[in-house]
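Heads up, the thing below is written out as structure tokens.
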Amino acid sequence: AQSVSQHNHHVILSEAASLELGCNYSYGGTVNLFWYVQYPGQHLQLLLKYFSGDPLVKGIKGFEAEFIKSKFSFNLRKPSVQWSDTAEYFCAVNGDSGTYKYIFGTGTRLKVLA
Amino acid sequence: DAGITQSPRHKVTETGTPVTLRCHQTENHRYMYWYRQDPGHGLRLIHYSYGVKDTDKGEVSDGYSVSRSKTEDFLLTLESATSSQTSVYFCAISDPGGAYEQYFGPGTRLTVT
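Residue numbers (the numbering used here), protein chains in the order written: chain D, -10 to 103; chain H, 418 to 530.
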């Protein structure tokens, strides 16, 4: 069965600090990978996605993620965070092609201090 | 934002009562999903639908049923609500031609007392 692990449950950073959130998945086949963000009181929104090709994916708001197949990882990065990045971040995997089922990680709460 | 609405947005109900949550989309997307979001658990899939009258179970389907009689509507029913079903419920949609991206509704906060 597929699973997704997000190792950092809570992260606190100061503005301008660099961010890296870990995401590891378990699935032996072809995967589609996603990072979603949920701002306080809002619904989930897509940050970026990976299907194939260049393993370094750039998303909105300066976020990027790198797919490392050998490590089953898809870590999210941002060189310099802002107070407005305070949110919860979810990694998700769709690796069961044909059923369109998605598995989400437990999320990482990021708090950025002004 | 994708055209997804959920109703009601907030509901308080008593243990043992039936509850139905509605998800309505205007995007004509084929796939629809119901998730619950709980602290420490992230989002967990309850049920999903891959077409009208075609549904399948997710990882936490016990105590829930779904129906989809029209492309635009996906109903989630708690036959007899329990306190463990207190949660925030999100509907999502996706489409084979939409590059696998899921779009989420605004959520329904359900409290079972």
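Don't be surprised by glycine CBs; every beta carbon is placed ideally from N, CA and C.
All figures in this text were calculated on a predicted structure; none of them were measured in a lab.
Worksheet item: Does DSSP put Lys67 (chain D) in a helix, in a strand, or in coil?
Response: strand
Fill in: Minimum C-alpha distance to Asp479 (chain H) - residue among H:Ser500, H:Ile463, H:Leu438
H:Ile463
Practice prompt. Measure the Cβ-Cβ separation of Tyr89 (chain D) and Tyr467 (chain H) and say whether it is below 8 Å.
Written response: yes
Practice prompt. Could you round the C-beta distance between Lys47 (chain D) and Glu53 (chain D) to whole angstroms and report it? I think they count as a contact, below 8 Å.
Written response: 5 Å
Fill in: Within 7 Å of chain D by C-beta, residues of the stretch 435 to 464 of chain H in sequence order
Tyr448, Gly457, His458, Gly459, Leu460, Leu462
Worksheet item: Would Gly433 (chain H) count as contacting chain D if we go by Cβ distances under 8 Å?
Response: no
Discussion item. So, for Gln454 (chain H): in the same chain, excluding its five sequence neighbours on each side, which residues have a beta-carbon less than 7 Å away from its beta-carbon?
Written reply: Leu460, Ser504, Val505, Phe507
Item to complete: With 8 Å as the threshold, decide whether the Cβ of Phe52 (chain D) is near any Cβ in chain H.
Response: no
Worksheet item: With 8 Å set as the bound, which would you pick, yes or no: does the beta-carbon of Gly42 (chain D) sit closer than that to a beta-carbon of chain H?
Response: no
Fill in: Unbroken beta strand (DSSP E) run spanning Phe491 (chain H), endpoints
490 to 495
Item to complete: Pull up the distance between the alpha-carbon of Lys487 (chain H) and that of Gly457 (chain H), whole angstroms please.
Response: 34 Å
Worksheet item: From the beta carbon of Lys100 (chain D), is the nearest beta carbon of chain H less than 8 Å away?
Response: no
Worksheet item: Looking at the C-beta of Phe79 (chain D), does it have a partner C-beta in chain H at a distance below 8 Å?
Response: yes
Worksheet entry | Gly522 (chain H) - DSSP class collapsed to helix/strand/coil | coil
Discussion item. For Lys100 (chain D), which residues in the same chain have their Cβ closer than 8 Å to its Cβ, ignoring the five residues on either side in sequence?
Written reply: His(-1), Val0, Ile1, Leu2, Thr75
Item to complete: For the beta strand (DSSP E) containing His427 (chain H), list its first residue and its last residue.
Response: 427 to 430
Worksheet item: Name the chain D residues that come within less than 9 Å of Gly522 (chain H), Cβ to Cβ?
Response: His32
Discussion item. For Arg98 (chain D), list the residues DSSP reports as bridge partners.
Written reply: D:His(-1), D:Glu77
Worksheet entry | Neighbour-count burial assignment, Tyr28 (chain D), 16 or more Cβ in a 10 Å radius | exposed
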